[in-house]
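Chains as they are written, first to last, in our numbering: chain D, 1 to 102; chain U, 103 to 204. Every residue, glycine too, gets a C-beta built ideally from N, C-alpha and C. Keep in mind the model is a prediction, meaning the values are calculated, not measured. Report on one structure; see the data block that follows.
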DNA sequence: TTATATATATCGGATATCCTATATACATAA
DNA sequence: TTATGTATATAGGATATCCGATATATATAA
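Structural data, given as structure tokens:
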């Protein structure tokens, strides 16, 4: 039952999609920009096999779209539907973690 | 690839352990108290099959201990090791979600 | 005693996250 | 043209989270 590491209580997975919507709600970005921003925040950079399937799923769900494509660089932005999903998730997030940050 | 629901962007799993440590960092509680508090925060109450294995893992990791047992009611509290793990996780959490709440 | 409610416990499995490895396409420098 | 670097893409699989169903133990009420 080695569920937790030495000083780590959880891996905080399940929030990648939420974080991507959050970042895109501030400004359109492409995959590598998002990965780099997540690296700064979390401490480790998500691999290509992590970030691109996540973007694909969010796009498939109608939460984001390709805004621009220059060479292989695809800039994504939130759709209205994605904005709505983000705000709903943000409300839940805020209520859930009320008091954790203070 | 039905990864996301209609208006939901993620299920925010992976944070149950973190939330339990957070709640116990404020005061000792027993399993049902924790489940009820999570119900208020998240909107749905974690099932016994969710909460008790989580407590067991955290105890196994040395993050919490049984402080008192009355009948079947077990009150848990954080160990110093659990406090440390919580603070480390909290720092990471804060850095990761900087700007989401505002 | 019997019935009911509460709290804890565990098994099995569904699901999702995430990574490793690999491949492809485009741009630019040599 | 060739080489190199960058960005995207996907298959396959390891792992973890979480829940549904079920069982057990204790306390209390009828």
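Going straight from the alpha carbon of residue i to that of residue j, what length do you get?
i: residue 178 (chain U); j: residue 122 (chain U); result: 10 Å
i: residue 48 (chain D); j: residue 170 (chain U); result: 48 Å
i: residue 129 (chain U); j: residue 185 (chain U); result: 12 Å
i: residue 160 (chain U); j: residue 172 (chain U); result: 21 Å
i: residue 98 (chain D); j: residue 195 (chain U); result: 13 Å
i: residue 112 (chain U); j: residue 54 (chain D); result: 11 Å
i: residue 95 (chain D); j: residue 66 (chain D); result: 31 Å
i: residue 23 (chain D); j: residue 32 (chain D); result: 12 Å
i: residue 158 (chain U); j: residue 183 (chain U); result: 15 Å
i: residue 154 (chain U); j: residue 8 (chain D); result: 19 Å
List the whole-angstrom C-beta distance separating residue i from residue j, where the pair is believed to meet the contact cut-off of C-beta under 8 Å.
i: residue 163 (chain U); j: residue 148 (chain U); result: About 19 Å; that fails the 8 Å criterion.
i: residue 187 (chain U); j: residue 165 (chain U); result: 5 Å
i: residue 101 (chain D); j: residue 203 (chain U); result: 6 Å
i: residue 17 (chain D); j: residue 106 (chain U); result: 7 Å
Can you find the residues in the same chain that come closer than 7 Å, C-beta to C-beta, to residue i, ignoring five residues on each side of it along the sequence?
i: residue 73 (chain D); result: 30
i: residue 127 (chain U); result: 180, 185, 188
What residues in its chain sit with their C-beta under 6 Å from that of residue i, if we drop five residues either side in the sequence?
i: residue 115 (chain U); result: none
i: residue 38 (chain D); result: 46
i: residue 193 (chain U); result: none
i: residue 50 (chain D); result: none
By DSSP's criteria, residue i is part of a beta bridge. Which residues make up the other side?
i: residue 132 (chain U); result: U:177
i: residue 68 (chain D); result: D:75
For residue i, collect the residues of the same chain with a Cβ closer than 8 Å to its Cβ; drop the 5 residues on either side in sequence, then sort them by chain order.
i: residue 143 (chain U); result: 121
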